[in-house]
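With the sequence shown counted from 1, adding 47 to any position gets you my numbering.
Think of the CB as a built atom: it goes at the ideal place given N, C-alpha and C, for glycine as much as any other residue.
Every value quoted in this text rests on a predicted model; they were computed, and no experiment measured them.
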Amino acid sequence: MIEVIGVRFKKIGKIYYFDPDGAKIPVGAPVIVETARGIEYGVTELANREVPKEDVIQPLKKLIRLATEDDIKQERQNKVKEAEAFEIGLQKIKSHGLDMKLIEVELTFDLNKIIFYFTSDGRVDFRELVKELASIFKMRIELRQIGVRDEAKVLNGMGPCGRTLCCATFLGDFQPVSIKMAKEQGMSLNPTKISGICGRLMCCLKYEEDTYEELNRGLPFVGDIIKTNDGDGEVLSVNVLRQIIKAAVRKKSGDDPVVGFYGVGEVKIIERGKLAMEYEMERANSGAAK
Numbered sequence: 048m049i050e051v052i053g054v055r056f057k058k059i060g061k062i063y064y065f066d067p068d069g070a071k072i073p074v075g076a077p078v079i080v081e082t083a084r085g086i087e088y089g090v091t092e093l094a095n096r097e098v099p100k101e102d103v104i105q106p107l108k109k110l111i112r113l114a115t116e117d118d119i120k121q122e123r124q125n126k127v128k129e130a131e132a133f134e135i136g137l138q139k140i141k142s143h144g145l146d147m148k149l150i151e152v153e154l155t156f157d158l159n160k161i162i163f164y165f166t167s168d169g170r171v172d173f174r175e176l177v178k179e180l181a182s183i184f185k186m187r188i189e190l191r192q193i194g195v196r197d198e199a200k201v202l203n204g205m206g207p208c209g210r211t212l213c214c215a216t217f218l219g220d221f222q223p224v225s226i227k228m229a230k231e232q233g234m235s236l237n238p239t240k241i242s243g244i245c246g247r248l249m250c251c252l253k254y255e256e257d258t259y260e261e262l263n264r265g266l267p268f269v270g271d272i273i274k275t276n277d278g279d280g281e282v283l284s285v286n287v288l289r290q291i292i293k294a295a296v297r298k299k300s301g302d303d304p305v306v307g308f309y310g311v312g313e314v315k316i317i318e319r320g321k322l323a324m325e326y327e328m329e330r331a332n333s334g335a336a337k
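If you want it as structure tokens, here you go:
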């Protein structure tokens, strides 16, 4: 085990481990640490704790110091400079006629480097732009192309659910999302219904997947034949969250089917339908691929 603190550099970003160097650092404390980008200002999200050595990327950098009043003042000044640099960046991109959209500008705390984040549909030759920006800011310039999910995280907005975007609110990392997750959650496979404002599959499909997998255990699929107290019937629909099955049931052979609603504990699957077999085959194939 090794003692660490967790530091975040963006409001909703990854948490990085650092060696507290014997100091006790509370949650919310501003700190100065050394990173691969240089000296940085961050906020402690995880107080001193012991974690397994294999969870830590070596070499583990040490805490430099708790942020002083001067450090906090400089960080505020850097934010003002970032806003100014953003406006200059927009002007220079336009004057060079480059097909790129500027999203965000970051200054390292030690003013050693300035990073311009942008999106573009293809590759961009920005060599002349870098030269001009370097002559203006007199520091190292880095232009970094990001994806549409990162763009949404930075800009924020309202999702289809009417709430602010998960990625900009509490999701620190992006996870792979698949159509299979939408199927398992009983959602329409219409791309406009399962895509976020970034145009990619909604992140909530991933972090809600474990809950749906648990709730789906023991539930029949549409098309399955089930046994109920009223007789045998075919599943018409399944409400996963309420654990309710809608089925067309015949009390006796030859009777007209009657639609009824049943709790998951009131039915027994006696024959699998097409959807269930397709799902089992898909799971078997994904398991073999791994």
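May I ask which residues mark the beginning and end of the alpha helix (DSSP H) holding residue i?
| i | result |
| --- | --- |
| Pro223 | No alpha helix (DSSP H) contains Pro223, which DSSP labels as neither H nor E. |
| Lys141 | Glu116 to His143 |
| Leu180 | Arg174 to Phe184 |
| Ile241 | Pro238 to Ile241 |
| Thr216 | Cys213 to Thr216 |
Rounded to a whole number of angstroms, what is the C-alpha to C-alpha distance between residue i and residue j?
| i | j | result |
| --- | --- | --- |
| Gly301 | Gly280 | 12 Å |
| Lys337 | Ser225 | Any answer about Lys337 is weak, because its pLDDT of 48 lies below 50 and its placement is not dependable; what the coordinates show is given next. Answer to the nearest angstrom: the Cα atoms are 15 Å apart. |
| Asp118 | Pro267 | 60 Å |
| Val103 | Met48 | 10 Å |
| Gly169 | Lys240 | 27 Å |
| Gly160 | Ile62 | Note on residue identity: the sequence assigns Lys, not Gly, to residue 160. Roughly 21 Å separates the two Cα atoms. |
| Pro304 | Ala294 | 9 Å |
| Gly85 | Cys214 | 26 Å |
| Arg196 | Val306 | 44 Å |
| Cys245 | Leu322 | 30 Å |
| Val311 | Gly206 | 32 Å |
| Ser182 | Glu153 | 17 Å |
| Thr275 | Gly320 | 17 Å |
| Lys71 | Lys120 | 23 Å |
| Ala199 | Leu212 | 8 Å |
| Gly265 | Ile273 | 12 Å |
| Lys148 | Ile140 | 8 Å |
| Glu261 | Glu151 | 40 Å |
| Leu145 | Phe173 | 8 Å |
| Cys250 | Gln138 | 34 Å |
| Asp271 | Val314 | 11 Å |
Start and end of the beta strand (DSSP E) containing residue i?
| i | result |
| --- | --- |
| Arg297 | Ile291 to Arg297 |
| Phe308 | Val305 to Gly310 |
| Leu283 | Gly278 to Asn286 |
| Lys315 | Lys315 to Glu318 |
Between the Cα of residue i and the Cα atoms of the options, which residue gives the shortest distance?
| i | options | result |
| --- | --- | --- |
| Asp220 | Cys208, Lys57 and Ile52 | Lys57 |
| Arg210 | Lys230, Gly243 and Ala229 | Gly243 |
| Leu202 | Ile59, Gly53, Glu50 and Lys299 | Ile59 |
| Phe65 | Leu110, Pro99 and Ala130 | Leu110 |
| Pro77 | Gly89, Gly69 and Ala70 | Gly89 |
| Thr91 | Arg174, Leu236 and Val51 | Val51 |
| Asn286 | Arg297, Tyr259 and Lys298 | Tyr259 |
| Leu158 | Ile188, Asp271, Ser142 and Phe165 | Ile188 |
| Ile193 | Val74, Glu313, Asp277 and Ser167 | Ser167 |
What are the partner residues of residue i, as DSSP defines its beta bridges?
| i | result |
| --- | --- |
| Tyr164 | Glu151 and Arg191 |
| Val80 | Glu87 and Leu110 |
| Gly53 | Tyr64 and Leu93 |
| Val98 | Ile49 |
| Met205 | Thr211 |
| Leu158 | Paired residue(s): none; Leu158 is not in a bridge. |
Does DSSP put residue i in a helix, a strand or coil?
| i | result |
| --- | --- |
| Asp271 | coil |
| Ser300 | coil |
| Glu255 | coil |
| Leu266 | coil |
| Leu322 | helix |
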